[in-house]
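Peer 1:
2 protein chains.
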Amino acid sequence: MIRVMIADDHQLFAEGLSQALNGLPDARVVGVAASGPELRELLANQPAEVCVVDIEMPGGDGIEAIHTLGARTRAIVVSMHAGEEQRTRAARAGAKGFFSKGVPLTTLAAAIRAVADGHDLLSLTDEERDDLLETYREAQLDPGAASLTAREREILQQLALGISATEELADRLYISQKTVKNHLANIFQKLAVSDRTQAAIEAIRLGIAKPN
Amino acid sequence: MIRVMIADDHQLFAEGLSQALNGLPDARVVGVAASGPELRELLANQPAEVCVVDIEMPGGDGIEAIHTLGARTRAIVVSMHAGEEQRTRAARAGAKGFFSKGVPLTTLAAAIRAVADGHDLLSLTDEERDDLLETYREAQLDPGAASLTAREREILQQLALGISATEELADRLYISQKTVKNHLANIFQKLAVSDRTQAAIEAIRLGIAKPN
DNA sequence: TAGAGGTTGGGCCTCCAGACCCATGGGTAG
DNA sequence: CTACCCATGGGTCTGGAGGCCCAACCTCTA
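Chains as they are written, first to last, in the working numbering: chain A, 1 to 212; chain B, 1001 to 1212.
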């Protein structure tokens, strides 16, 4: 689980991004700051692996805040305007990534994973960076969830959609009720849960069940 | 359920806001556009009650798009810079609300509910508007969820956290297992579900279980 | 003051969920 | 060719989930 902190003076953006990142199965937003100083304050009490910072913030902008982050917390800079001079400013400040706010969420998510893994996106060429991000496109699931088979995933998806009865699950998947129960038993073990209610909750949390 | 559409060329913002609004129990984002023309196209195939439009968009900005919305779909304009002249531009275009991107998410959520209810926030004084938003602060829950009692809500919260066993629920709430089962039976009826798995899913969907 | 609704419990019953065994066939990797 | 894993399915058993009925007690309100 990657702990992420967000710093942006536009609250609507910060809260939206926070919700979106929390929707990822492998990241968790642990704090939202509206300024550089507030970010430092939050980080003093709450560790985070990655920090998403807006370059344009009133009252001492994000660049200064990055300098004081320390080695444990790496920064990704986002900006409204993706100019080359802003990119170099970010790089000089020690940021590990730089993105325009026009990029898709999946790109930022991949960047967060890559940076949390120790990569410095700003030391790469555009092509190298895109290739690297591609490999981080999909969420690193929990060890338990990662070992789920395709069929088990199917069952979980249905379960998270509210299909909780064994009979209905069997009907939808065209298999016997006994097989459904066997699959569920395996799922319980892999996810370390004890019944289908907890399995459904875990499935939603892990993002296995696609919301629409 | 209020159907919301979002138009913003900053994809990161649009997707983040989309996720955040989908987190609300009484709203659902049915489309995300990156430009005015794309918004019109989406609306042609998919109705929506409220539309959140960025005023600054390349290639024919949001203002023009609002003109063509029609009576069913009402617009709320958001902007990076909350200038007075932008507000009047939005008002003249027929928008029903105007907000800086610096406002908290809850304010936008309240505005969406108010506008969906037929209010025109731009025809009010600041004070009147704030009062009105205050009354729309909390989500209008589904009829079923709305009739849940405080105790039933507590049970649901625990359930959505993964406390699925009757015994554990009873222990946490300091009541007998029988009472837990009675409460659950009432919850099932009110939410129109048939077991605790479906109840937990509904609780998460309705936002009854606070994520953290 | 009487009634309504919420919370707390009881009893009883049926049936299914989950735990623990097992076997077979198909695909894949060594 | 031989294992191994997966999907499929069987059997059995016990505990608990959910259905249905009921009753105290409390608070609030008409």
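Glycine included, every Cβ here is placed at the ideal spot set by N, Cα and C.
From a predicted model like this one, the values you see are computed outputs, not experimental measurements.
Could you give the uninterrupted runs of the beta strand (DSSP E) lying entirely in the segment 1037 to 1085 of chain B, keeping only those of 3 residues or more?
Peer 2: Here the runs fully enclosed are 1050 to 1054, 1074 to 1079.
Peer 1: Using 10 angstroms around the beta-carbon of E1015/B, count the other beta-carbons present and answer buried if the total reaches 16, otherwise exposed.
Peer 2: E1015/B should be labelled buried.
Peer 1: Taking 8 Å as the limit between beta carbons, can you name the residues of its chain near H67/A, skipping five residues before and five after?
Peer 2: Answer for H67/A: A93, G94, listed in chain order.
Peer 1: Can you find the residues in the same chain that come closer than 7 Å, C-beta to C-beta, to Q1105/B, ignoring five residues on each side of it along the sequence?
Peer 2: Looking at the sequence provided, one finds Leu at residue 1105/B rather than Gln. Once the five neighbours on either side are set aside, the close Cβ partners of L1105/B are A1020.
Peer 1: Could you check whether the Cβ of H119/A sits closer than 9 Å to any Cβ belonging to chain B?
Peer 2: It does not; no Cβ of chain B falls within 9 Å.
Peer 1: Measuring only from the beta carbon, is G97/A closer than 8 Å to any heavy atom that is part of the ligand FAD?
Peer 2: Absent from the structure shown: the ligand FAD. Ligands present: none.
Peer 1: Hey, quick one: how far does the alpha helix (DSSP H) through R28/A stretch, first residue to last?
Peer 2: No alpha helix (DSSP H) contains R28/A, which is instead part of the beta strand (DSSP E) from 27 to 33.
Peer 1: For K101/A and L1069/B, I'd like the C-alpha separation in whole angstroms.
Peer 2: Straight-line Cα distance between these residues: approximately 26 Å.
Peer 1: Hey, T1197/B and D195/A: beta-carbon distance below 9 Å or not?
Peer 2: In this structure, D195/A lies closer than 9 Å to T1197/B by Cβ.
Peer 1: Using the C-alpha atoms, what's the distance from A48/A back to T88/A?
Peer 2: When rounded, the distance between both Cα atoms is 24 Å.
Peer 1: Pair every Cβ in the segment 1112 to 1122 of chain B with every Cβ in the segment 1073 to 1084 of chain B, then say whether three or more of these pairs are closer than 8 Å.
Peer 2: Because the criterion of three Cβ pairs below 8 Å is met, the segment 1112 to 1122 of chain B and the segment 1073 to 1084 of chain B touch.
Peer 1: Answer with buried or exposed for N22/A, where buried requires no fewer than 16 other C-beta atoms within 10 angstroms of its C-beta.
Peer 2: Buried, since its Cβ has 16 or more Cβ neighbours within 10 Å.
Peer 1: In angstroms with no decimal places, state the Cα-to-Cα distance between N1212/B and A44/A.
Peer 2: Residue placement at N1212/B is poorly supported in this model, since its pLDDT is 42, which falls under 50; the coordinates still yield a value, given next. Those two C-alpha atoms are separated by around 20 Å.
Peer 1: Helix, strand or coil for I208/A, going by three-state DSSP, please let me know.
Peer 2: If DSSP states are grouped into helix, strand and coil, I208/A belongs with coil.
Peer 1: Measure from the alpha carbon of K1096/B to the alpha carbon of each residue in E1127/B, C1051/B, E1084/B, then state which is nearest.
Peer 2: Among E1127/B, C1051/B, E1084/B, the Cα nearest to that of K1096/B belongs to C1051/B.
Peer 1: Please report the Cβ distance between V30/A and V53/A, rounded to the nearest whole angstrom; I am assuming they are in contact, meaning their Cβ atoms lie under 8 Å.
Peer 2: With a Cβ gap of about 15 Å, V30/A and V53/A do not count as contacting.
Peer 1: Would G36/A be called buried (16 or more neighbouring beta carbons within 10 Å of its own) or exposed?
Peer 2: Burial call: buried.
Peer 1: Under 9 Å, Cβ to Cβ, is there at least one residue of chain B near A20/A?
Peer 2: Taking Cβ atoms only, chain B reaches closer than 9 Å to A20/A, which makes this a yes.
Peer 1: Which term fits P58/A, buried or exposed, when burial requires 16 or more other beta carbons within 10 angstroms of its beta carbon?
Peer 2: Label assigned to P58/A: exposed.
Peer 1: DSSP has G97/A in a bridge; who is on the other side?
Peer 2: Note: G97/A sits in a beta bridge opposite I76/A.
Peer 1: I'd like to know if F1188/B contacts chain A, where contact means its C-beta is closer than 9 Å to some C-beta of that chain.
Peer 2: So no, F1188/B is outside the interface.
Peer 1: CA-CA distance, A1082/B and A150/A?
Peer 2: The straight-line gap from Cα to Cα measures roughly 50 Å.
Peer 1: If you count every other CB in all the chains shown that lies within 10 Å of the CB of R1137/B, and 16 or more means buried, which is it?
Peer 2: Exposed, by the Cβ-count rule.
Peer 1: Compare the C-alpha of L1173/B against each of E1202/B, A1185/B, L1156/B and name the closest.
Peer 2: Out of E1202/B, A1185/B, L1156/B, L1156/B has the C-alpha closest to the C-alpha of L1173/B.
Peer 1: Beta-carbon separation of I121/A and L133/A under 9 Å?
Peer 2: One point to set straight first is that residue 121/A is Leu, not Ile, in the sequence displayed. Going by C-beta atoms, L121/A is nearer than 9 Å to L133/A.
Peer 1: Against chain B, with Cβ distances strictly below 9 Å, would M80/A count as a contact?
Peer 2: Yes, M80/A lies at the interface with chain B (some Cβ there is under 9 Å from its Cβ).
Peer 1: Whose C-beta lies closer than 6 Å to the C-beta of A1091/B among residues of the same chain, with five residues either side of it excluded?
Peer 2: Once the five neighbours on either side are set aside, the close Cβ partners of A1091/B are L1122.
Peer 1: Measuring CB to CB, does A1109/B end up less than 9 Å from L1012/B?
Peer 2: No; because the gap between Cβ atoms is not below 9 Å, this pair is not in contact.
Peer 1: Answer yes or no: does any C-beta atom of chain B fall closer than 9 Å to that of S233/A?
Peer 2: Since the displayed chain A opens at 1 and closes at 212, residue 233/A lies outside it and no answer follows.
Peer 1: Using a beta-carbon distance below 9 Å, is P25/A in contact with chain B?
Peer 2: No, no contact with chain B.
Peer 1: With DSSP as the reference, identify every bridge partner of V115/A, one or two as the case may be.
Peer 2: Answer by DSSP bridge pairing: none, since V115/A is not bridged.
Peer 1: Check the Cβ of R1196/B against every Cβ in chain A and list those closer than 8 Å, keeping chain order.
Peer 2: Correct list: T197.
Peer 1: Would DSSP call R1003/B helix, strand or coil?
Peer 2: Strand, per DSSP.
Peer 1: Taking just the CA atoms, how far does I187/A sit from K178/A?
Peer 2: Computed Cα separation, rounded: 14 Å.
Peer 1: Would you say Q1177/B lies against chain A (beta-carbon separation less than 9 Å)?
Peer 2: Chain A contact via Cβ: absent.
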